Every structure is written in structure tokens, then in C-alpha cells.
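Colleague: Quick note: the sequence shown uses this note's numbering, first residue 1427, plus one each step.
Positions of the beta carbon are idealized from the N, C-alpha and C atoms, including for glycine.
Computed from a predicted structure; not experimentally measured.
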Amino acid sequence: MKILILDDDVVYGKLVKNYLQKFLLFADIELVTSFKEAKKYNEYDLFIIDYMIPDCKHIEHIEYFLNLNKKVILITAYEKELIADDILNKVLDYVFKDNASLVYLRKLINRIYKNQFFNVMVVDDSAVGRKSIINNLGLLGFKNIIEARNGIEALSLLKKENFNIIITDLHMPKMNGFELVKEIRKEIPIEEIPILVLSSDSNNMTLIKTLKIGANDFILKSFKKEEFFIRLNNLLDIYDTFNLYKTKMYIDPLTGAYNRLYLEIIKSEITKWSKYTVIMLDIDHFKKVNDTYGHLKGDAVLKHFVGLVKSNIRKNDYLIRYGGEEFLIILPEADKKVAIKILQKIKVKSLTSDFNIKYTFSAGVADEKMDLIEKIKLADERLYKAKESGRDKFVLD
């Protein structure tokens, strides 16, 4: 993301630039002090602009970038009431010219950057209503926006695509917002997909009922843009935090592979596959590695092994640390032939690696038609055979 700061106050401009550069590692940030210089950066994505600039007439510089359909955030030392309403309605947001506002500015830009990777569904029977929401979402950096005219269309889309947030009207034909939220919450928990409900009904009981059936937030259709942005950003920040903790919950902290808890997630995915294969792997004589080199070196071996495996499995395959030095690979839409090719690639890489501790591994493979637990048990039995017959071997049956 390319960001231009336009501020004739060099000291404050540098403060903003240095602060944002420290936290927004994805951003390329430039600072200019005049409108004349700023016009050289028309290709930039986001413009942080002082409300008053000496080398232009009043708000000429703001209108210039708005006319280029650029995202503009105002920096101002003035009270909000002194800024023209038509400008406030067009710019993305405004912040006051003080140090305390820098945190808000940083969070806002970070949110805009993340939003481009999110899928959002807008559900409203009114084309005008959908367009209004979509225009506001565009300001917030959303690029993947899908429209639905009622709850039935929305549920159909949910079966085909994954969404990060749903914004729905309450009163619609065929299936209204209440029914839509109820249906979604039967399958998807409140923390997994935030739902923001819009309504022209200001009755408190409507608000309470909407939240009780599983909406994350409620906003009147007569909302101010500022309120819509804050509510939406807060929902998405909570969603991000939940997903961060969820990810950590399923990741082995030492190796970065999934842990056994992730098998519960995989169980729900298996129903979508026509077939799958599991591989149980074990690093040979790992206790000897720990005894000879110490546990820190043993940890390094585990990390190295996981790196080898990850670089040789397919993108849709799963690697799980099953326990100690034992690992499980799950290969969707694959048979034993695919499994053996992957194992051979891992073996070649381990033999040719310049890692300073040499080690081998054994594996058991199962692709028979049975449930996941039984298949893992069978692969584990075959792994045991591989180790009993001399290690550094793969057993397929």
C-alpha cells in the first residue's frame, strides 16, 4: 500500500510518517509539504491530508484527490463542526492533529489493508440500499463484495463461498433478516462470521430480538457514515482476535505444525473428499539424538524435519504433530501412490540436507476405506512394523 502524507507542518508530518512506518510494515510512505508536490503522487492508494495547505485555495487539494477517486483521511486542528459537511461525507475519515490520534490512524489504515483480503456479503432487497453499503465498504478497502437480494439467496451463496462478514437488512421478502440470522447460526457460531444487521425500525425490542437470535451488532439505516465505520471495524477487529487465538490453539508452538486438536477441524472436511490417505511418521532414534546432543538440538531436529515435510507436501495437505517425534500427514484426494512419492521426496531432501545432525525417519501409510481414527490406527501399526524391521523404511500394507 502506497501512502502519501501532505502536511506543511514538517515536524508533525515527520512524526506521523515515522510512527506509521514503525507499525505498518506493508506500507510505502512519503511525506510532502505542498499541494504542488503532492500532485506528483497521483498513483498512490491513500492520502493523509492536512485540512489547510498554504499553496492552494481552501479545500482545493482535498477535492483534487477525491475527484481522482482516492481514499482521503483528513488531519485537522479544527473542530469537526468547522469542516464542510460535503467534505466530511466524501473523505474516508478525519483525525485531530494530536499525538493521541496516531493510534486511531494506525489502526484505521491497518484495517483498510486487511479488508482487501476479506469477503463480505451484503443482503438487501433494495438495489439502492445495497449500493449505499457497497460504496461505504469500498472506502474501507473491501474489494470482494457479493450481493444477495434476500435470505434465500444469501444462504445459497454461503454454501458456495466463505465469507468473513455479512451485512443484512432486517425486512426483506421471501426470507427476512431474522430468519436469515437464525439459519446461519444453526451452522456457524457467532464468533466465526460476524453479522451486522441494518434496519429502519428503531424499536428497542427489535434490537434486543436481533441480538438474541445471533446478530453481532445492529445499526439503524439512518446511520452516520462514521458510526457505520466504527461498528464495522470493531466487529472485524474482534473477528481478527478470535481467529488469531483460534490459530494459536491449533498450532504446535515448537514446530509450527498443527497439533492434535486440529483433527476435529479435519473431521468436518473429510466429508467433502472422495478419498484420502494418512501417513504416520516417526524420527528414528530420536531419544538418542536428545541424549547425545541435548534437548535444544533435539528441538532443532524437530523443526528441521517439519520444514522438510512442509516443503514437500501439497498446499492442501495437513501436517500434524501427533506426539513427541511422531507426525501425521493427511493427504486429501490421494492414494498410496501419491503418499510414497511425497515420502521419497522428503527422504531425498533429508539425505542431501546440509543440516548438521543427520537423522532418518520411518513411516506407515493407510488409504483403506475406513473412518479417520481407524485409518490413523492402521497407519500407526504400519509405522510400528517399519521400526521393528530396521527403521528408515516405509510400510504400505
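#1: Should Asn1545 and Ile1572 be called a contact, given that it needs their Cβ atoms to be closer than 8 Å?
#2: State buried or exposed for His1824, treating a residue as buried only when at least 16 other CB atoms are found within 10 Å of its CB.
#3: Who pairs with Tyr1520 in a beta bridge, going by DSSP?
#4: Taking three-plus beta-carbon pairs below 8 Å as touching, is the stretch 1786–1806 in contact with the stretch 1684–1696?
#5: Taking the C-alpha atoms as reference points, what is the distance between Asp1595 and Leu1492?
#6: Using beta-carbon positions only, say whether Asp1481 and Leu1432 come within less than 8 Å of one another.
#7: Can you tell me the Cβ-Cβ gap for Lys1608 and Ile1639, rounded? I've got them flagged as a contact below 8 Å.
#8: Are there 16 or more other CB atoms within 10 angstroms of the CB of Arg1740, so buried, or fewer, so exposed?
#9: With Ala1792 as the anchor, note down where its beta strand (DSSP E) starts and where it stops.
#10: Name the two residues that bound the continuous beta strand (DSSP E) containing Phe1753.
#11: Could you give the DSSP three-state label for Gly1603: helix, strand or coil?
#12: I'd like the span of the alpha helix (DSSP H) that includes Leu1494, first residue to last.
#13: Short of 6 Å in beta carbon distance, which residues of its chain neighbour Gly1567, apart from the five on each side in sequence? Order them along the chain.
#14: Give me the Cβ distance between Ile1616 and Asn1642, rounded to the nearest whole Å; I'm assuming they're in contact under 8 Å.
#15: Pull up the distance between the alpha-carbon of Arg1611 and that of Val1623, whole angstroms please.
#16: So, does the stretch 1760–1770 touch the stretch 1710–1725, judging by three or more C-beta pairs under 8 Å?
#17: Assuming Ile1705 and Ala1789 form a contact by the criterion Cβ under 8 Å, report the distance between their Cβ atoms to the nearest whole angstrom.
#18: Scan the stretch 1603–1666 and note each continuous beta strand (DSSP E) run of 3 residues or more that stays entirely inside, going in chain order.
#19: Starting from Phe1473, follow its DSSP beta bridges and name the residues at the other end.
#20: Using the Cβ count rule (16 or more neighbours within 10 Å means buried), how would you classify Met1631?
#21: Distance, Cα to Cα, Leu1457 vs Asp1435?
#22: Should Val1529 go down as buried or exposed, given a rule of 16 or more other Cβ atoms within 10 Å for buried?
#23: Let me check one thing: in DSSP terms, what residues is Gly1749 bridge-paired to?
#24: Can you give me the Cβ contacts of Asn1536 inside the same chain, cut-off strictly under 7 Å, excluding the 5 residues immediately before and after it?
#25: Kindly indicate which three-state DSSP category Met1706 falls into: helix, strand or coil?
#26: Does the Cβ of Ile1783 have 16 or more other Cβ atoms within 10 Å, making it buried, or fewer, making it exposed?
#27: Less than 6 Å between C-beta atoms, sequence neighbours within five positions excluded: which residues of the same chain meet that for Ser1527?
#28: From Pro1620 to Lys1773, what distance separates their C-alpha atoms?
#29: Any idea what DSSP makes of Leu1566, helix, strand or coil?
#30: Can you name the start and end residues of the beta strand (DSSP E) that Glu1456 belongs to?
#31: Ends of the beta strand (DSSP E) at Asn1885?
#32: May I ask you to report which of helix, strand or coil DSSP gives Phe1589?
#33: Pull up the distance between the alpha-carbon of Asn1602 and that of Asn1515, whole angstroms please.
#34: Using the rule of at least 16 other Cβ atoms within 10 Å of the residue's Cβ for burial, across every protein chain shown, is Val1554 buried or exposed?
#35: So what does DSSP say about Ile1479, is it helix, strand or coil?
#36: With distances taken from CA atoms, which of Glu1469, Val1517, Asn1660, Glu1505 is nearest Glu1489?
Modeller: In this structure, then:
#1: If you number the sequence shown from 1, residue 1545 lands on position 119. If you number the sequence shown from 1, residue 1572 lands on position 146. Cβ distance < 8 Å, so Asn1545 and Ile1572 count as in contact.
#2: For residue 1824 there is no data in the structure shown, the boundaries of the chain being 1427 and 1823.
#3: The count along the sequence shown starts at 1 and reaches residue 1520 at position 94. Listed as beta-bridge partners of Tyr1520 by DSSP are Leu1500.
#4: Yes: at least three Cβ pairs fall under 8 Å.
#5: What you label residue 1595 is simply residue 169 of the sequence shown in a count that begins at 1. What you label residue 1492 is simply residue 66 of the sequence shown in a count that begins at 1. The alpha-carbon atoms of Asp1595 and Leu1492 are separated by roughly 29 Å.
#6: Translated into positions along the sequence shown, residue 1481 becomes position 55. Translated into positions along the sequence shown, residue 1432 becomes position 6. It is not a contact, given that the beta carbons lie outside the stated cut-off.
#7: Taking the first residue of the sequence shown as 1, we reach residue 1608 at position 182. Taking the first residue of the sequence shown as 1, we reach residue 1639 at position 213. Indeed, because the Cβ distance is near 5 Å, the residues count as touching under 8 Å.
#8: Taking the sequence shown and counting its residues from 1, the one referred to as residue 1740 is at position 314. It counts as exposed.
#9: Numbered from 1 along the sequence shown, position 366 holds the residue referred to as residue 1792. 1787–1792 is the extent of the beta strand (DSSP E) around Ala1792.
#10: As a working mapping, residue 1753 is identified with position 327 in the sequence shown. Run containing Phe1753: 1752–1758, per the beta strand (DSSP E) assignment.
#11: Here residue 1603 is taken as the residue at index 177 of the sequence shown, counted from 1. Looking at Gly1603 - three-state DSSP - the assignment turns out to be helix.
#12: The residue you call residue 1494 lines up with position 68 of the sequence shown. Here Leu1494 belongs to no alpha helix (DSSP H), and DSSP marks it neither H nor E.
#13: Residue mapping note: residue 1567 aligns to position 141 of the sequence shown, counting from 1. Cβ within range, chain order: Ile1538, Asn1541, Gln1542.
#14: For the purposes of this step, residue 1616 is identified with residue 190 of the sequence shown, where counting begins at 1. For the purposes of this step, residue 1642 is identified with residue 216 of the sequence shown, where counting begins at 1. Between Ile1616 and Asn1642 the beta-carbon gap is near 6 Å, inside 8 Å, which marks them as a contact.
#15: Numbered from its first residue, the sequence shown carries residue 1611 at position 185. Numbered from its first residue, the sequence shown carries residue 1623 at position 197. It is roughly 14 Å from the alpha-carbon of Arg1611 to the alpha-carbon of Val1623.
#16: The stretch 1760–1770 vs the stretch 1710–1725: no contact.
#17: Counted from its first residue, the sequence shown places residue 1705 at position 279. Counted from its first residue, the sequence shown places residue 1789 at position 363. At roughly 5 Å, the Cβ-Cβ gap stays under 8 Å, so Ile1705 and Ala1789 are in contact.
#18: 1621–1625, 1643–1646, all fully within the stretch 1603–1666.
#19: Along the sequence shown, read from residue 1 onward, the residue named residue 1473 stands at position 47. Leu1430, Val1498, per the DSSP bridge assignment.
#20: Stepping through the sequence shown from its first residue, residue 1631 is reached at position 205. The residue is exposed, with fewer than 16 neighbouring Cβ atoms inside 10 Å.
#21: Position 31 of the sequence shown, counted from the first residue, corresponds to residue 1457. Position 9 of the sequence shown, counted from the first residue, corresponds to residue 1435. Approximately 10 Å, taken between the alpha carbons.
#22: For this step, residue 1529 is matched to residue 103 along the sequence shown. Exposed, because fewer than 16 other Cβ atoms sit within 10 Å of the Cβ of Val1529.
#23: The residue labelled residue 1749 in the question sits at position 323 within the sequence shown. Looking at the DSSP output, Gly1749 sits in a beta bridge with Glu1752.
#24: Position 110 of the sequence shown, counted from the start, is the residue given in the question as residue 1536. Answer for Asn1536: Leu1450, listed in chain order.
#25: Counting from 1 along the sequence shown, the entry for residue 1706 is found at position 280. Looking at Met1706 - three-state DSSP - the assignment turns out to be strand.
#26: One-based indexing of the sequence shown puts residue 1783 at position 357. Exposed.
#27: By one-based count along the sequence shown, residue 1527 stands at place 101. Excluding residues within five positions, the ones whose Cβ falls inside 6 Å are Val1521.
#28: As a working note, residue 1620 is residue 194 in the sequence shown. As a working note, residue 1773 is residue 347 in the sequence shown. The C-alpha of Pro1620 lies about 44 Å from the C-alpha of Lys1773.
#29: Numbered from its first residue, the sequence shown carries residue 1566 at position 140. Looking at Leu1566 - three-state DSSP - the assignment turns out to be coil, as it is neither helix nor strand.
#30: Your numbering for residue 1456 matches position 30 in the sequence shown. 1454–1458 is the span of the beta strand (DSSP E), which, as asked, contains Glu1456.
#31: Nothing about residue 1885 can be read from this structure; the chain reaches only from 1427 to 1823.
#32: For the purposes of this step, residue 1589 is taken as the residue at position 163 of the sequence shown. Phe1589 falls in the coil class under three-state DSSP.
#33: Taking the sequence shown and counting its residues from 1, the one referred to as residue 1602 is at position 176. Taking the sequence shown and counting its residues from 1, the one referred to as residue 1515 is at position 89. Straight-line Cα distance between these residues: approximately 30 Å.
#34: Locating residue 1554 in the sequence shown gives position 128, counting from the first residue. When all chains shown are included, Val1554 counts as exposed.
#35: On the sequence shown, position 53 is the one that residue 1479 refers to. Judged by DSSP in its simplified three-state form, Ile1479 adopts coil rather than helix or strand.
#36: For the purposes of this step, residue 1489 is taken as the residue at position 63 of the sequence shown. Sorting Glu1469, Val1517, Asn1660, Glu1505 by C-alpha distance to the C-alpha of Glu1489 places Val1517 at the top.
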